[in-house]
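Mapping of the sequence shown onto this note's numbering: position 83 corresponds to residue 127, and the numbering continues sequentially without gaps. What follows is a short report on a single structure.
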Amino acid sequence: MTKLAAINVETALAPRFGRGWHCLGEAADYRDGQLHTLNIFGTRLLAFATSSGQISVIDAHCPHMGADLSRGTLENDRVVCPFHHWQYDASGKCVEIPYCKRIPPKAKTRSWLTCEENNLLFVWNNPEGKAPADGVVIPHLPEQDSDEWLHDWHMDKLIIETNPRELVDNLADAQHFGPVHGTPTKYFANVFEGHIAQQIFHGDSERLGGDLVAESAYYGPATHFTRMRAVFEGMEIHSILLNCHVPITANSFELRFGCMVKKVPGWSEEQNREMAKDYVMRNRESFYQDVDIWAHKIRVNNPVLAEGDGPVYQLREWYEQFFMDEASVPAAMAERREIITVGQR
Numbered sequence: 045m046t047k048l049a050a051i052n053v054e055t056a057l058a059p060r061f062g063r064g065w066h067c068l069g070e071a072a073d074y075r076d077g078q079l080h081t082l083n084i085f086g087t088r089l090l091a092f093a094t095s096s097g098q099i100s101v102i103d104a105h106c107p108h109m110g111a112d113l114s115r116g117t118l119e120n121d122r123v124v125c126p127f128h129h130w131q132y133d134a135s136g137k138c139v140e141i142p143y144c145k146r147i148p149p150k151a152k153t154r155s156w157l158t159c160e161e162n163n164l165l166f167v168w169n170n171p172e173g174k175a176p177a178d179g180v181v182i183p184h185l186p187e188q189d190s191d192e193w194l195h196d197w198h199m200d201k202l203i204i205e206t207n208p209r210e211l212v213d214n215l216a217d218a219q220h221f222g223p224v225h226g227t228p229t230k231y232f233a234n235v236f237e238g239h240i241a242q243q244i245f246h247g248d249s250e251r252l253g254g255d256l257v258a259e260s261a262y263y264g265p266a267t268h269f270t271r272m273r274a275v276f277e278g279m280e281i282h283s284i285l286l287n288c289h290v291p292i293t294a295n296s297f298e299l300r301f302g303c304m305v306k307k308v309p310g311w312s313e314e315q316n317r318e319m320a321k322d323y324v325m326r327n328r329e330s331f332y333q334d335v336d337i338w339a340h341k342i343r344v345n346n347p348v349l350a351e352g353d354g355p356v357y358q359l360r361e362w363y364e365q366f367f368m369d370e371a372s373v374p375a376a377m378a379e380r381r382e383i384i385t386v387g388q389r
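Written out as C-alpha cells, the structure is:
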C-alpha cells in the first residue's frame, strides 16, 4: 500500500516581513491633505504629503503616551497628535509641544524610506534597518513617458486572508493557466537572478486574445510587473499589469492590481479609452480568477509536484532570501538560473 505524503501546513508563522520595496498605490492619492492610516507589517503606519508634495511614512503611534497619530490632524506640514497636541514633522521628529519649551531628545517616531516610480508610491521594509543595496530598485517603465500609452492604472485594492507566498507561487506555476484562465500553456520558462524572478508565458487566451505573450518579473518579494501582448478582435493589444502586495500580518496582505493599455494607432482618444476600459475589465476578470483560488487555499510547505508543474521549490528558495539577514543570503542567489518547463527555446 502506498503511504500518503503528510501535508505540512504551516499555521503559526514568525512575524518577519520581507525585505524589499512594497507598493502603497498611486502616489497622487496621498496628496489630498489628509492623514492616511496604513495597517501593514504587523503595525500601524501613517502616510501624508507636505505642501511641497513630499510624501512621508512614519510610525503612527506617538512616543509620548502611545496615541494614534493617524487620528490627529495635519497642520502646516506637521502631524498633530490628538491626545496632547505634540507636533511632528515629515521626518517623524517632534518639533513642538504646546505646554513645554524643551523637547525630549527621544520625542521622535520612526520614519520609513519611500520612493516614487511609475506614478506609484513605495515603502522600503528591512527588519535589519538597512537601506536598499545597490541596484535594488523599482524599474522605471518607459511606457509611462510615452504618448502612445494611456497612463491610468485603473487600480483595485483588496485584502486577502492568507500568506503572501501563495500569491508569489503563481510565478512558477506552469499548469494553472488552462484550468483557471482557459489559457493552455504553449511555452513557460522562469529566470532567477539576484532580487529578480521572471516568468515568460505563451498561450491563447479565451478572454485576452490569441497569440498571448506575457513577460513578467518580481522585483523583490512583493512588486510584480507583466508586459502582455495579444491579438484581440483582430488587433494587437499591448498592456502592462501591476500585481503588488503589502503584508498586514503573517497571514494576510493588501493586494493591489492595476493595468495600463497602449493606444491603438489611428483611433480617437475616446475610442482608445473605451477599448482600454473593456480590456482592463477582461484583465481584472482574469486576475480575480487567481484571487478566488488564493482566498480559499492553505499554505503547504511540501507540495507533491508532478512533471511539468514548474520550478515551485526553486522559486520558494529565491523568495526565502528576503526573509533572512542579508549576510546569510547564499552567494548563489546572484547567479542566473533559467528553467524551461513547457516548450523549447
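C-beta: ideal position from N, C-alpha, C; glycine also.
Please classify residue i as buried or exposed, where buried requires at least 16 other C-beta atoms within 10 Å of its C-beta.
i    : result
V344 : exposed
A378 : exposed
W197 : buried
K306 : buried
S100 : buried
A375 : exposed
E202 : A small fix is needed here, since residue 202 is Leu in this sequence, not Glu. Counting Cβ neighbours within 10 Å, L202 comes out exposed, since fewer than 16 surround it.
Y263 : buried
G69  : buried
G110 : exposed
R63  : buried
If you follow the alpha helix (DSSP H) that residue i is part of, which residue opens it and which one closes it?
i    : result
I337 : E313 to W338
F221 : F221 to H225
K362 : What sits at residue 362 in the sequence shown is Trp, not Lys. Segment V356 to E364, the alpha helix (DSSP H) holding W362.
L211 : R209 to V212
Measuring straight from C-alpha to C-alpha, what distance separates residue i and residue j?
i    : j    : result
C106 : K230 : 55 Å
E351 : V335 : 25 Å
A274 : H246 : 10 Å
G86  : I292 : 6 Å
W338 : Q365 : 22 Å
N120 : S135 : 14 Å
R154 : R360 : 31 Å
Q243 : A261 : 6 Å
G222 : G354 : 14 Å
T270 : E172 : 30 Å
V386 : Q98  : 46 Å
L48  : H340 : Caution applies to L48, whose pLDDT of 48 falls short of 50 and renders its modelled position unreliable; the model cannot decide the point.
E277 : G253 : 7 Å
N170 : I84  : 13 Å
N163 : F127 : 35 Å
S283 : D189 : 15 Å
G310 : E192 : 11 Å
R115 : Q388 : 57 Å
K150 : V180 : 31 Å
I102 : I384 : 43 Å
E370 : P59  : 17 Å
C303 : M368 : 32 Å
Y400 : H129 : What the structure shows of the chain is the stretch from 45 to 389, and residue 400 is not part of that stretch, so it cannot be assessed.
Using a Cβ-Cβ cutoff of less than 6 Å, which residues in the same chain neighbour residue i once the five nearest sequence positions on both sides are dropped?
i    : result
L113 : L90, A104, C106, V123 and C125
L390 : Any question about residue 390 goes unanswered here, given that the chain covers just 45 to 389.
R88  : A104
P24  : For residue 24 there is no data in the structure shown, the boundaries of the chain being 45 and 389.
Q131 : R122, V124, V139 and E140
N160 : According to the sequence shown, residue 160 is Glu rather than Asn. Around E160: A71.
R251 : R326 and S330
S372 : none
Can you give the beta carbon distance from residue i to residue j, rounded, assuming they're within the 8 Å contact cut?
i    : j    : result
H239 : A266 : In fact, because the Cβ distance is near 11 Å, the residues do not count as touching under 8 Å.
F301 : D200 : 5 Å
N234 : L285 : No, N234 and L285 are not in contact; Cβ-Cβ is about 17 Å, not under 8 Å.
A258 : L165 : Actually they are not in contact, since the Cβ atoms of A258 and L165 sit about 25 Å apart, beyond 8 Å.
Q333 : H225 : 6 Å
Y74  : H80  : 6 Å
Report all residues from its chain with a CB closer than 8 Å to the CB of residue i; omit the five preceding and five following residues, and keep chain order.
i    : result
W362 : F236, A241 and M377
G77  : A93 and L118
A175 : L157 and W168
L349 : V356 and Y357
R317 : L194
P148 : C138
F331 : L285, N287 and F301
L256 : T227, F245, H246, G247, D248, S249, M272, R273 and A274
E205 : N295, S296 and A339
Along the chain, where does the beta strand (DSSP E) that runs through residue i open and close?
i    : result
F269 : T267 to F276
E160 : T158 to E161
W197 : Unbroken run through W197: none, as it is neither H nor E.
W65  : G64 to E70
R381 : R381 to V386
A104 : It is not in any beta strand (DSSP E) - A104 carries neither H nor E in the DSSP assignment.
G264 : That residue, G264, is in no beta strand (DSSP E); it is neither H nor E in DSSP.
S114 : Segment: none, S114 is in no beta strand (DSSP E) and carries neither H nor E.
N234 : T229 to E237
R122 : R122 to V124
V167 : L164 to N169
Check the Cβ-Cβ distances between residue i and every residue of chain D, and say whether any is below 8 Å.
i    : result
K201 : Among the chains of the structure shown, chain D does not appear; only one protein chain is present.
Near residue i, what residues of its chain come up, given a Cβ to Cβ distance below 7 Å and the 5 sequence neighbours on each side ignored?
i    : result
M279 : V308
E210 : W338, K341 and R343
A320 : L194 and V305
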